[in-house]
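In order, the protein sequences belong to chains A and B. Just so we're aligned, residue 1 is where the first sequence starts under my numbering, counting upward by one. Just so we're aligned, residue 1001 is where the second sequence starts under my numbering, counting upward by one. Here a beta-carbon is modelled for each residue, glycine too, at the ideal position from N, C-alpha and C. Computed from a prediction, not measured in an experiment: that's the story for all the values here.
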Amino acid sequence: MQNTPPRSRIEIDRLRKIFLAEGREVVAVDDASFRINDGEFVALLGPSGCGKSTILNMVATLISPNGGDIRVDDVPVIPGRPIAQVGYVFQKDTLFPWRTVEGNIGYALELAGVPAGERKTRVAEAIHQAGLNGFDRFYPASLSGGMRQRVSLMRTLIARPEILLMDEPFGALDTHTKLDMHSVLLSLWERERQTVLFVTHDLGEALTLADRIILMSARPGRVKAGFKVDFPRPRDAVKLRETAQYAELFSKVWHSLGEEFAKGRSA
Amino acid sequence: MKRAMTLFWQIAIGLGALAIWEWGWSLHDKVPWLVPDILDPYFVSKPSEIYKQFLRMGCLVSSQGDWTLGTPGAFEKCIGRSENNLWIATYFTLKNTLWGFATGVSSGFVLGLLLGRSDRLSEIFYPYITAFNSIPRIALAPIIILAFGIGDASKIVTAWLVVVFLVFFNTFEGARAVDRDHINAARLLGAGEWQVTRTVIVPSTMAWLFASLTPAVSFSLIGVIVGEFIGAEHGIGRMIIEAEARGEAAGMMVAVFVLMIVGVILAAGVRRIQAYLLRWRPASTMAT
């Protein structure tokens, strides 16, 4: 037994998606191909409107592609049939407002029929991990944006998904809260080392979190380049930004990304 | 200070209106242009008369004019003498109102949910619902009395009919307005069709249902009273009709006054339940 190639969890091959906007066909994703290995944290980076969220939503079975293949664990993805081992974190706040923090986090366990006793311990553990102690009985309406996103994250993570799809989950947060969330996410990820596909337009965020960055071009969305992010782990979300390697890689990707932002503006 | 002023004006207006009601008519002969005919006690009675009549009808004062609560057995004797005194009438009206409310709300909710979540069904039933909704529900009351008799059933059916549409339309709107992302989130967390219905569609539609509860309880009371007007053995509506037949304005006013109290209590009760069930809503939208 020597050097078996890493197991691939998500494979995307020549993926295409066309939207109809005001009677015109708009190519959102054009011929996108990439693969993500087991335990890899991959950031899908690109300007807004480049189709990165569209790709994620196709993997999540929320929308159907117009061409190409998606395979998760070697099984073709069927639109509308969520995959058991995949968890999804939305950009928008989709917490159930009529459920408390506890109720939201325990939701997936309730669906799965996990007995109340075990559910209680797991929910309590999740609340603790996310630093939400004391907020168990709060309704989402009385939480801050950062806290709501923590609850969202735990609501997905409690089911222990092996693959995690995240659609700009921290996009709506202020800079400070965002850094806070990066620390939370990194520490949670260090325990389980899930396979993550993380969509973002924030280069700093991609560098802080990911092992690899897949850079998308402006619309029509294509895979433009890949960058390895080999900062040592575990990472400190705040201190990492002060290092020389970070600055070096930042400017390298920034240049490439800047071209796409410019294209996005002129389009 | 502002609160005190508000309270002052509220009391002043109330006392002023009562004073005009009580003594206004005595000025009629001197200044007929100032006092409208509607103030004639023959039509509207007088607060003092209404109060006396209330004590008599409520069996708080016997026919001899003594307080019944002081003499043991007097209250029971007075109650036993009539089949439709104020207490029995209130009991029947209240009971039928609550039944009409409960059946109307539950069936309206189920129907609204069903049609709201199925484009096919709502398309098929659309013309019938529109047609039925254009009928003033109260117009059907005589038919219902004819079909269900003069007992409780006809009152409950009338109330149900008034409530069910109101609740149905609210639930229908609510079922259509369920956030797509909440459904997606539930699906991605492993919910099957039935689980999505139970854990997302029903609770988020509930918020719309609750908004219709306060009008629903008032509507139910209207349905019951109209039913009682047309034909009933008991109830406040029948009391009003009987008093009218005898030309007793004070008796009608007592019944109306009791209805007002019943209405206020029912609405307050529903509002409390509503506030509890919607406690998860942000405070700013609590007003609805």
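Original post:
Can the beta-carbon of V1220 (chain B) be found less than 7 Å from the beta-carbon of F1101 (chain B)?
Top reply: Taking the second sequence and counting its residues from 1, one reaches residue 1220 (chain B) at position 220. Taking the second sequence and counting its residues from 1, one reaches residue 1101 (chain B) at position 101. The residue you asked about is not Val; residue 1220 (chain B) is Ser in the sequence shown. The answer is yes: Cβ separation under 7 Å.
Original post:
Tell me, which residues are paired with D69 (chain A) by DSSP?
Top reply: Reading the first sequence from its first residue, position 69 is the one you call residue 69 (chain A). D69 (chain A) is bridged to A:D13.
**OP:** Please check if any C-beta of chain B sits within less than 7 Å of the C-beta of L111 (chain A).
**Re:** Residue 111 (chain A) sits at position 111 when you count from the first residue of the first sequence. Chain B contact via Cβ: present.
Original post:
How would you write the range of the alpha helix (DSSP H) that F1165 (chain B) sits in, first residue to last?
Top reply: As a first step, residue 1165 (chain B) is located in the second sequence; it is residue number 165 there, counting from the start. First-last of the alpha helix (DSSP H) with F1165 (chain B): 1152–1176.
Subject >> C-alpha gap between R1037 (chain B) and S1048 (chain B), whole angstroms >> reply: Taking the second sequence and counting its residues from 1, one reaches residue 1037 (chain B) at position 37. Taking the second sequence and counting its residues from 1, one reaches residue 1048 (chain B) at position 48. Looking at the sequence itself, residue 1037 (chain B) is Asp, so the reference to Arg does not match. So the two alpha carbons sit approximately 19 Å from each other.
**OP:** May I ask you to report which of helix, strand or coil DSSP gives P1142 (chain B)?
**Re:** Counting from one through the second sequence, the residue named residue 1142 (chain B) turns up at place 142. P1142 (chain B): helix per DSSP, three-state reduction.
Original post:
If we call anything under 7 Å between Cβ atoms a contact, is C50 (chain A) one with A218 (chain A)?
Top reply: Here residue 50 (chain A) corresponds to residue number 50 of the first sequence, with the count starting at 1. Here residue 218 (chain A) corresponds to residue number 218 of the first sequence, with the count starting at 1. In this structure, A218 (chain A) lies closer than 7 Å to C50 (chain A) by Cβ.
Subject >> Rounded C-alpha distance that separates N1184 (chain B) from F96 (chain A) >> reply: Here the question's residue 1184 (chain B) lines up with position 184 in the second sequence. Here the question's residue 96 (chain A) lines up with position 96 in the first sequence. Rounded to whole angstroms, N1184 (chain B) to F96 (chain A) spans 12 Å at the Cα level.
Original post:
In chain A, what lies closer than 8 Å to R1117 (chain B) by C-beta?
Top reply: Mapped onto the second sequence, residue 1117 (chain B) falls at position 117. Residues of chain A passing the Cβ test: none, with the nearest at roughly 17 Å.
Original post:
Counting contacts by CB-CB distance shorter than 7 Å, is A130 (chain A) in contact with chain B?
Top reply: Walking along the first sequence from the start, residue 130 (chain A) turns up at place 130. So no, A130 (chain A) is outside the interface.
Subject >> Sequence-distant residues of its chain with Cβ nearer than 7 Å to A32 (chain A) (five each side left out) >> reply: By one-based count along the first sequence, residue 32 (chain A) stands at place 32. The residues are I12, L15, I55, G221, R222, V223.
Original post:
Run through DSSP, which three-state label would A28 (chain A) get?
Top reply: Position 28 of the first sequence, counted from the start, is the residue given in the question as residue 28 (chain A). If DSSP states are grouped into helix, strand and coil, A28 (chain A) belongs with the strands.
Original post:
Do you know how far the Cα of A28 (chain A) is from the Cα of S1122 (chain B)?
Top reply: Counted from its first residue, the second sequence places residue 1122 (chain B) at position 122. Counted from its first residue, the first sequence places residue 28 (chain A) at position 28. C-alpha separation (whole angstroms): 35 Å.
**OP:** State the beta-bridge partners of A43 (chain A) as determined by DSSP.
**Re:** Your numbering for residue 43 (chain A) matches position 43 in the first sequence. In the DSSP output, where bridge partners are listed per residue, A43 (chain A) has A:F198, A:I213.
**OP:** Would you list the residues sitting across from Y88 (chain A) in a DSSP beta bridge?
**Re:** Start at 1 with the first residue of the first sequence, and residue 88 (chain A) comes out as number 88. Note: Y88 (chain A) sits in a beta bridge opposite A:L165.
Original post:
Nearest CA to the CA of S256 (chain A): which residue from A:L203, A:F231, A:A210, A:Y246?
Top reply: Here residue 256 (chain A) refers to the residue found at position 256 of the first sequence. Looking at the Cα atoms, A:L203 is the closest of the given residues.
Original post:
For N37 (chain A), which option in A:D236, A:Q245, A:M216, A:D211 has the closest C-alpha, if you only look at C-alpha atoms?
Top reply: Counted from its first residue, the first sequence places residue 37 (chain A) at position 37. If we check each option's Cα against that of N37 (chain A), A:D211 comes out closest.
Subject >> Where P76 (chain A) sits in the DSSP three-state scheme >> reply: Along the first sequence, read from residue 1 onward, the residue named residue 76 (chain A) stands at position 76. It is a strand residue.
**OP:** Would you kindly work out how many angstroms separate the C-alpha atoms of S1082 (chain B) and M1057 (chain B), rounded to a whole number?
**Re:** Taking the second sequence and counting its residues from 1, the one referred to as residue 1082 (chain B) is at position 82. Taking the second sequence and counting its residues from 1, the one referred to as residue 1057 (chain B) is at position 57. Each residue's Cα considered, the two are about 10 Å apart.
**OP:** Note down the Cα distance separating A1243 (chain B) from I1222 (chain B), rounded to an integer number of angstroms.
**Re:** Reading the second sequence from its first residue, position 243 is the one you call residue 1243 (chain B). Reading the second sequence from its first residue, position 222 is the one you call residue 1222 (chain B). Taking the straight line joining both Cα atoms gives about 19 Å.
Subject >> Under 7 Å by beta carbon: chain B residues contacting K92 (chain A) >> reply: Residue numbering aside, residue 92 (chain A) sits at position 92 when the first sequence is read from its first letter. In chain order: D1181.
Original post:
So what does DSSP say about A21 (chain A), is it helix, strand or coil?
Top reply: Taking the first sequence and counting its residues from 1, the one referred to as residue 21 (chain A) is at position 21. Of the three classes helix, strand and coil, the one that applies to A21 (chain A) here is strand, per DSSP.
Original post:
Where does the unbroken alpha helix (DSSP H) through A1245 (chain B) begin, and where does it stop?
Top reply: Mapped onto the second sequence, residue 1245 (chain B) falls at position 245. Segment 1236–1245, the alpha helix (DSSP H) holding A1245 (chain B).
Original post:
For R1187 (chain B), which of helix, strand or coil comes out of DSSP?
Top reply: Position 187 of the second sequence, counted from the start, is the residue given in the question as residue 1187 (chain B). In the structure shown, R1187 (chain B) sits in a helix (DSSP, three-state: H, G or I).
Original post:
Opposite I36 (chain A) in the DSSP bridges: which residues?
Top reply: Translated into positions along the first sequence, residue 36 (chain A) becomes position 36. According to DSSP, which records beta bridges pairwise, I36 (chain A) is partnered with A:I10.
Original post:
Would A1249 (chain B) be called buried (16 or more neighbouring beta carbons within 10 Å of its own) or exposed?
Top reply: Here the question's residue 1249 (chain B) lines up with position 249 in the second sequence. Label assigned to A1249 (chain B): buried.
Original post:
Taking the alpha-carbon positions, what's the E270 (chain A) to I127 (chain A) distance?
Top reply: Beyond the ends of chain A as shown, which are 1 and 267, falls residue 270 (chain A); an answer cannot be given.
**OP:** Counting only the same chain and skipping the five closest in sequence on each side, list residues whose C-beta sits under 7 Å from that of R122 (chain A).
**Re:** Start at 1 with the first residue of the first sequence, and residue 122 (chain A) comes out as number 122. Excluding sequence neighbours, R122 (chain A) sits near L109, I158.
Original post:
Counting Cβ pairs closer than 8 Å, one from the region 187–206 of chain A and one from the region 41–48 of chain A, do we hit at least three?
Top reply: yes
**OP:** Give me the Cα-Cα distance between V1167 (chain B) and A1211 (chain B), rounded to the nearest whole angstrom.
**Re:** Against the second sequence, residue 1167 (chain B) aligns to sequence position 167. Against the second sequence, residue 1211 (chain B) aligns to sequence position 211. Roughly 9 Å between the two C-alpha positions.
Subject >> Contact with chain A by W1280 (chain B), beta-carbon distance below 7 Å >> reply: In the second sequence, residue 1280 (chain B) corresponds to position 280, counting from 1. Judged by the 7 Å Cβ criterion, W1280 (chain B) is in contact with chain A.
Subject >> Span separating the alpha-carbon of E248 (chain A) from that of E205 (chain A) >> reply: As a position in the first sequence, residue 248 (chain A) is number 248, starting the count at 1. As a position in the first sequence, residue 205 (chain A) is number 205, starting the count at 1. About 15 Å.
Original post:
Which chain A residues sit within Cβ distance under 7 Å of A1185 (chain B)?
Top reply: Locating residue 1185 (chain B) in the second sequence gives position 185, where the first residue counts as 1. Residues of chain A passing the Cβ test: F90, T94.
Subject >> Burial state of A53 (chain A), where buried means 16 or more other Cβ atoms lie within 10 Å >> reply: Stepping through the first sequence from its first residue, residue 53 (chain A) is reached at position 53. Note on identity: in this sequence residue 53 (chain A) is Ser, with Ala being the wrong assignment. With 16 or more other Cβ atoms within 10 Å, it is buried.
Original post:
So is Q1195 (chain B) in contact with chain A if we call contact Cβ pairs under 7 Å?
Top reply: As a first step, residue 1195 (chain B) is located in the second sequence; it is residue number 195 there, counting from the start. With 7 Å as the cut-off, Q1195 (chain B) counts as an interface residue toward chain A.
Original post:
So does the region 1085–1099 of chain B actually touch the region 1142–1149 of chain B, counting three or more Cβ pairs closer than 8 Å?
Top reply: no
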